[in-house]
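The opening residue of the sequence shown carries number 71 in the working numbering; numbering runs sequentially from there. Heads up, the beta-carbon is just placed ideally off N, CA and C, and yes, glycines get one too. As structure tokens, the structure follows; a few thoughts come after it.
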Amino acid sequence: MSVHLGHAITAVGFWLGTLLPVAYLPVFLAGIDSVATLSILVGLLTIHALALIVGHEYPASRTR
71 MSVHLGHAIT
81 AVGFWLGTLL
91 PVAYLPVFLA
101 GIDSVATLSI
111 LVGLLTIHAL
121 ALIVGHEYPA
131 SRTR
């Protein structure tokens, strides 16, 4: 069961790392004019970096 859980976590990390940059667009369109907006952007960047680290071993990300 832990193998399946590890694979699932890696898959989620890969896809989150792939799709999360779409969430940057509303932040940039709204403008980074407050500490709250800057905090949201820093949080998104942190989550994105962690997702890339977790998902980098996902088998579908390998070129054939």
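Check                                                                                        : Outcome
Pick from GLY87, ILE110, VAL105, TRP85 that is closest to PRO96, judged by C-alpha positions : ILE110
Exposure of PHE98, with buried meaning 16 or more beta-carbon neighbours within 10 Å         : exposed
Where HIS77 sits in the DSSP three-state scheme                                              : helix
Nearest-angstrom Cα separation, counted from TRP85 out to PRO91                              : 11 Å
N-terminal and C-terminal residue of the alpha helix (DSSP H) that ILE117 is part of         : 105-125
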